[in-house]
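**Student:** Straight run, no breaks: the sequence shown in full-length UniProt numbering ends on number 446.
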Amino acid sequence: MNIIIVGAGDIGFSLAKRLAYEKHNISIIESEQERFKYVEQALDAQVLLGHGADFKLLHQAGVEHADLLIAVSDQDEVNIMAAMAAKEAGCKKTLARVSNPQYLSSKAYLNADKLGIDTLLHPESIVAKGAVRLLRQSAASDIIEFADGQLVLLGIHLDANCPILRLPLREISAQYSQFPFRITAIQRKDFTKIPGGDDILMPNDHIFVVLDRENIPQLLKMVGKHNISLERIMILGGGQIGYLIANELEDNHQVKIVESNVEKSYTLAERLDRSMVIHGDGRDINLLALEGIIDMDAFIAVTGDDETNIITCLMAKHLRVPRIISLINKPDYAPIIPTIGIDAFVSKQSLVVSGILKFIRQGEIVSIASIPGVEAEIIELIAQPGSKITKKPILKIAFPQNALLGGVIRGDQIIIPTGNTQIVAGDKVVVFALPGAVKKVEKLFS
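1) Among the residues of its own chain, which have a CB less than 6 Å from the CB of residue 454, if the five just before and after it don't count?
2) Within its chain, find whatever has a CB closer than 7 Å to the CB of Ala316; leave out the 5 residues flanking it on each side and keep chain order.
3) Check whether the segment 115-129 touches the segment 237-253, counting contact only when three or more Cβ pairs, one atom from each stretch, lie closer than 8 Å.
4) If I'm right that Asn402 touches Ile194 with Cβ under 8 Å, what's the distance once you round it to whole angstroms?
5) Along the alpha helix (DSSP H) that carries Val441, what are the first and last residues, could you check?
6) Determine the closest residue to Ser177 out of His206, Leu219, Ile310, with distance taken between C-alpha atoms.
7) Whole angstroms is fine: what's the gap from Arg133's alpha carbon to His59's?
8) In terms of alpha-carbon separation, which member of Ala16, Gly406, Met234 lies closest to Val277?
9) Relative to the alpha-carbon of Ile285, which residue among Thr312, Val441, Thr303, Lys87 has its alpha-carbon at the smallest distance?
10) Got a sec? Which residues, its chain only, sit under 8 Å from Leu43 by beta carbon, not counting five neighbours each side?
11) Which residues bound the beta strand (DSSP E) around Lys23?
12) So Val47 and Phe55 are supposed to be a Cβ contact under 8 Å. How far apart are they, rounded?
13) Report the start-end ranges of each beta strand (DSSP E) in the UniProt domain "RCK N-terminal" (230-347) that is 3 residues or longer and not cut off at the edges.
14) Using the three-state DSSP reduction, which class does Val63 fall into: helix, strand or coil?
15) Using the C-alpha atoms, what's the distance from Val424 back to Pro385?
16) Taking DSSP's pairing of strands, which residues face Thr94 in a bridge?
17) Relative to the alpha-carbon of Gly406, which residue among Lys392, Lys391, Asp427, Ser387 has its alpha-carbon at the smallest distance?
18) Can you list the alpha helix (DSSP H) stretches of 4 or more residues lying completely in the segment 154-238, in chain order?
19) Kindly indicate which residue of Ala289, Leu287, Ile245, Leu201 has the alpha-carbon position closest to the one of Leu272.
20) Tell me the residue span of the beta strand (DSSP E) that contains Asn79.
21) Leaving out five residues on either side along the sequence, give the residues of the same chain with a beta carbon under 8 Å from the beta carbon of Ala167.
If you want it as structure tokens, here you go:
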């Protein structure tokens, strides 16, 4: 595909890197000189300096023959103008990132339909939903839902006292055959492996397991963990993400939200019905103590500053708050978060890139996700009539190395596949794949 990306910040850069790896033709427009120089040296792509909605630059990027324009700069107006101009010039599909939620309403004067843009993406909503999922599955470091939540992929960090350490995966499966599950990947330090039956689990491994939602309690018992009941939740940061999290939780939880800006604090108090809004500096441990952080079941930091989020999460961990979650905006922090005692994190970059990849790969692909710090994709595909994947049982299909079938949704039925499972046309299949195997997997299903 010929793809133009407007904005080479963390999201645009990560997306361009992923798409270039998959051999798409990428053109990038970036307005900041220093960032332009960095991206030009770092990526094998056409990189242009200037305003994303400059028609001369769009023409230079080949907009008339582009399959897709993705505008993900940090300015709504630039993104919208670039997408509108691209559509007018003949670009087949357009996507624009927006921070103002008013654009998303079907009743808005300017929404996607009226602007002529195929999709508007609101990162703050995506991040807030990801954070809420992690709060509701308190033993997991990651959670991705498929088939409206019937099938889930959980990320779990294994402690030194985990009961299934140093056992081959085939032995674990046999020992716990009363409920079906599939360990689809093991992350050990910086290395991600798609495992086989002879692989063993070690302390500090980060595993990714696909299973029926109903079997989560049994899985947690198997790995020596359990979900904590989170009734009292403190949120640091009253921006859009903090507001959306509080708004989602306040009906069934006791929510406190700390915001340093006085005007934002008053606005939050007006918009939230049951949450307690606290005006103050969340980095002040005396303030947090005064507001009862020691009695909280969960602390989640979602300010726009990664360092503030990480430091306050470590303070909460020191005070023994049971569940700690941090927002990270800079992808470089992703690998270190699990090593410093923070239970889980939400990565704006990763979640937004996953949403964009889903938009790009419409058709046989129902959804796509990625995990921060893990060079892999989790894909939900539909098996097409006559596709290779439907011809034989899985065991007899030359499935790509570095890819693994995790689960099958057949109507209302959830199937955790074995080698004898036969995929049929119309099945939704969840596959965990390293980037080099993605296209090979797609071919099996088309």
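Think of the CB as a built atom: it goes at the ideal place given N, C-alpha and C, for glycine as much as any other residue.
None of the values given here were measured: they were computed from a predicted structure.
**Tutor:** Walking through what the data contain:
1) What is shown of the chain runs 1 to 446, which leaves residue 454 out entirely.
2) Ile293, Phe299, Ile324
3) yes
4) Right, the Cβ-Cβ distance comes to about 5 Å (below 8 Å), so this counts as a contact.
5) 438-445
6) It is Leu219.
7) 42 Å
8) Checking every option, the nearest Cα to that of Val277 belongs to Met234.
9) Thr312
10) Correct list, in chain order: Phe13, Ala16, Lys17, Ala20, Ile26, Ile28.
11) First-last for Lys23: undefined, no H or E at that position.
12) The Cβ separation is near 18 Å, so there is no contact.
13) 232-236, 254-259, 276-279, 298-301, 323-328, 344-347
14) helix
15) 8 Å
16) Leu69
17) Asp427
18) 169-175, 216-222
19) Ile245
20) Taken as a continuous stretch (DSSP letters only), Asn79 belongs to no beta strand (DSSP E), being part of the alpha helix (DSSP H) at 76-89.
21) As written in the sequence, residue 167 is Leu, which differs from the Ala given in the question. Contacts found: Gln175, Ile200, Leu201.
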